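Shown next, in structure tokens, is the structure this report addresses.
Protein chains: 2
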Amino acid sequence: MSLEKIENLMAGIVAECGDEIVELYKKVPGGKRLRAKLVLKIAGESEQSIKLASIIELIHAASLLHDDVIDDALTRRGVESINATFGNKTAIMLGDILYSKAYEKLVGFNSTISSEVANAVALLSQGELLDVELSKQINLDKDKYFDMIYKKTAVLIEATAKCSANLANKDEQKYANYGKNLGLAFQVIDDVLDVIQNEKTLGKPALNDFKEGKTTLIYIDLINSLADDDRQKVMSFFKKELDDSQRMWLLQKVFQSGALKKSIDLAKSLGKEALEAVEGEENQVALQKVVRDMIEREF
Amino acid sequence: MSLEKIENLMAGIVAECGDEIVELYKKVPGGKRLRAKLVLKIAGESEQSIKLASIIELIHAASLLHDDVIDDALTRRGVESINATFGNKTAIMLGDILYSKAYEKLVGFNSTISSEVANAVALLSQGELLDVELSKQINLDKDKYFDMIYKKTAVLIEATAKCSANLANKDEQKYANYGKNLGLAFQVIDDVLDVIQNEKTLGKPALNDFKEGKTTLIYIDLINSLADDDRQKVMSFFKKELDDSQRMWLLQKVFQSGALKKSIDLAKSLGKEALEAVEGEENQVALQKVVRDMIEREF
């Protein structure tokens, strides 16, 4: 199976760094490999597509390792994060190793692919910084939110789709648009899940984002829609640990205000835009399935 | 002047990431740009050599940013480190940004150069992990020490020399050997300086390495040369803050045992090997000067 080949190649690349790295890498939760699946859906299975998918998943894993250090995240995908188990330093070093091995393997791809991926990683790391900057205080600027999630999440998915199209001699720009909208939708849904999912499903406490200083779209819409008293109350929750009655009140407001629905609708419309970008392309069912899986996950 | 062009190009690359990154980058101490000078000495000045030198110096700067987080270093080159001033998270993110921008600019060089540099960074990040691993307990295995300093320090200098030779159509292997031996000599001297330099010149407390768990070559030789009592005493200093009389005693032993001289002699002999590797190549005076500057710095 193709995904297994990707897992094996990733493990093989990591194995070049010696046993100790292999042991550490085994502790990194694999996740759903959405980016790898996207490569396969667009480019089909070939030596090149397996390699590209492995590189992109290694980059994604590296970025999450550093993200978790930066966010002081104790869990990742429901299990203890590498920084929580082995400390920040190990997580930084393992991230550096995965990044650098991914780059090493990127050499040899044509210049479109290597530029796209390298450029995506540069924006990705800037997106992480933007995220931290925006988290210092409540951010009600939607442009800043979208710029940040574009860089932090959508850019790598956009590059994945574009590079896969390049490998398969398909229209790069169409697939880039598909990937970009897919990536934005994915992050908006991720932000929605933080509000509506419980700890067990999400692998982290629900309502975590606002506590961590992240004014996601839902909170921007919520705060903008409330009358002054409620608005002040929501804003007073920023970066605070909430008790049960505060959580219930907040959830109620999120539902009642329509802020939640607005984010879900936006994600759906981004998903639609993604599909419109590749209208008429072959393999529609697969491309639709990716969008559906991303948007409807866990609902 | 060529070095100024390199500084300008580095600043220009960083400027693509926006004002905030520019402000942070200004706080990163520039250092002696030894790797950039090496590029210029071997490849002369050209658009390509300026670009290669900038990329390598950005990579070096990124690796130091992450190193300082990993080592909890509060100073770098005599000034406060980025992690000390702005926190670990900022240092991690800035390092990621500099790495990724360097890779972005590496695309477009021929595959020899891009492979060499990418491979060097992969080994460099593994070298940092080895360094941390070796620092957990006293290490008396010289092979492990040399493997670690090769990866952590010499690999990037080796790649710098080799890629510069490639740019200038010179013999890559000769310059790779030159760079490798130069890099090893450089690190051995760095370890010597930790023992014989005072805080002001070095920009960090002398005798810092052993306190940080780093059994550098001097300590390996010292411990191996001492009789049981003294040996136990030195080993009891591992990871300890020493008082003045302990420091004096340790310094005396380092001098008396010949361990210090052994490291200096080794650095000199590595420097000689470096020069033998490029014997007969043009520009001997410049190549010798680099070796001399690296080995005799601060003596």
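Chains as they are written, first to last, in the working numbering: chain A, 23 to 321; chain B, 23 to 321. Note that the Cβ used here is the ideal one computed from N, Cα and C, for glycine as well. Everything numeric in this text was worked out from a predicted model, so none of it was measured.
{"Item": "Just the chain A side, please: which residues come within less than 8 Å of Glu150 of chain B by C-beta, in chain order?", "Value": "Met115, Asp118"}
{"Item": "In chain order, what residues of the same chain lie with their CB nearer than 7 Å to the CB of Ile286 of chain B, ignoring the 5 residues before and after it?", "Value": "Val214"}
{"Item": "Does any C-beta atom of chain B lie closer than 8 Å to the C-beta of Phe121 of chain A?", "Value": "Before going further, note that residue 121 of chain A is Tyr rather than Phe in the sequence given. Chain B, which has a Cβ nearer than 8 Å to the Cβ of Tyr121 of chain A, makes this yes."}
{"Item": "Helix, strand or coil, according to DSSP, for Val300 of chain B in the structure here?", "Value": "coil"}
{"Item": "Is the CB of Ser147 of chain A under 8 Å away from at least one CB in chain B?", "Value": "yes"}
{"Item": "When the cut-off is 8 Å and only beta carbons count, does Val129 of chain B lie next to chain A?", "Value": "yes"}
{"Item": "With a CB to CB cut of under 8 Å and the five nearest residues on each side skipped, what residues in its chain are close to Ala187 of chain A?", "Value": "Ile64, Ala65, Asp193, Glu194, Lys196, Tyr197, Ala198"}
{"Item": "Just to make sure I have the definition right: I need the residues of chain A whose C-beta is within less than 9 Å of the C-beta of Cys185 of chain B. Which are they?", "Value": "Chain A residues near Cys185 of chain B: none, gap ~13 Å exceeds 9 Å."}
{"Item": "I'd like to know whether the C-beta of Val44 of chain B is nearer than 8 Å to at least one C-beta of chain A.", "Value": "no"}
{"Item": "Note down, in chain order, each residue of its chain lying with its Cβ closer than 8 Å to the Cβ of Gly149 of chain B, except the 5 sequence neighbours on either side.", "Value": "Met170, Ile171, Tyr172, Lys173, Lys174, Thr175, Val177"}
{"Item": "Is Thr182 of chain A helix, strand or coil when you go by DSSP?", "Value": "helix"}
{"Item": "Does Tyr241 of chain A get closer than 8 Å to chain B when you measure Cβ to Cβ?", "Value": "no"}
{"Item": "In angstroms, rounded to a whole number, what distance separates the CA positions of Ser133 of chain A and Leu62 of chain A?", "Value": "20 Å"}
{"Item": "Quick test of the definition: if touching needs 3 or more C-beta pairs under 8 Å, does the segment 46-53 of chain B touch the segment 100-117 of chain B?", "Value": "yes"}
{"Item": "Along chain B, in chain order, which residues have C-beta atoms closer than 9 Å to that of Ser322 of chain A?", "Value": "No information on residue 322 of chain A is available, as it lies outside the stretch 23 to 321 that chain A covers here."}
{"Item": "Within its chain, find whatever has a CB closer than 6 Å to the CB of Glu138 of chain B; leave out the 5 residues flanking it on each side and keep chain order.", "Value": "Ala181, Lys184, Cys185"}
{"Item": "Grab me the residues of Asn230 of chain B's own chain with a C-beta within less than 6 Å of its C-beta, minus the 5 sequence neighbours each way, in chain order.", "Value": "Asp216"}
{"Item": "From the beta carbon of His88 of chain B, is the nearest beta carbon of chain A less than 8 Å away?", "Value": "yes"}
{"Item": "Using a beta-carbon distance cut-off of less than 8 Å, what residues from the segment 154-183 of chain B approach chain A?", "Value": "Val154, Glu155"}
{"Item": "If you compare alpha carbons, which of B:Lys127, B:Arg319, B:Thr237, B:Ile179 is closest to Ile160 of chain B?", "Value": "B:Thr237"}
{"Item": "Would you say Ser279 of chain A reaches chain D, if we count a Cβ-Cβ gap shorter than 8 Å as a contact?", "Value": "As a matter of chain content, chain D is missing from the structure shown, whose protein chains are A and B."}
{"Item": "Is Arg99 of chain A helix, strand or coil by DSSP?", "Value": "coil"}
{"Item": "Among B:Phe131, B:Val50, B:Ser68, which one has its Cα closest to the Cα of Leu96 of chain B?", "Value": "B:Val50"}
{"Item": "Spatial neighbours of Glu263 of chain B within its chain, please: C-beta separation below 7 Å, excluding the five flanking residues on both sides.", "Value": "Lys233"}
{"Item": "Among A:Gly302, A:Lys294, A:Glu301, A:Glu304, whose alpha-carbon lies nearest the alpha-carbon of Val17 of chain A?", "Value": "Because residue 17 of chain A is not part of the residues shown, which for chain A are 23 to 321, the question remains open."}
{"Item": "Cutting at 6 Å between CB atoms, please list the residues of its own chain near Leu189 of chain A, excluding the five before and the five after it.", "Value": "Ala65, Gln70, Ser71"}
{"Item": "Within the same chain, show all residues whose beta-carbon is closer than 7 Å to that of Ile92 of chain A, passing over the 5 residues directly before and after it, in chain order.", "Value": "Glu150, Val154"}
{"Item": "Which one or two residues does DSSP pair with Val129 of chain A in a beta bridge?", "Value": "A:Phe131"}
{"Item": "Ala144 of chain A and Ile81 of chain A: beta carbons closer than 8 Å?", "Value": "no"}
{"Item": "Less than 8 Å between CB atoms is the rule here; does Phe110 of chain A satisfy it with respect to chain B?", "Value": "Checking the displayed sequence, the identity of residue 110 of chain A turns out to be Asn instead of Phe. At least one chain B Cβ lies under 8 Å of Asn110 of chain A."}
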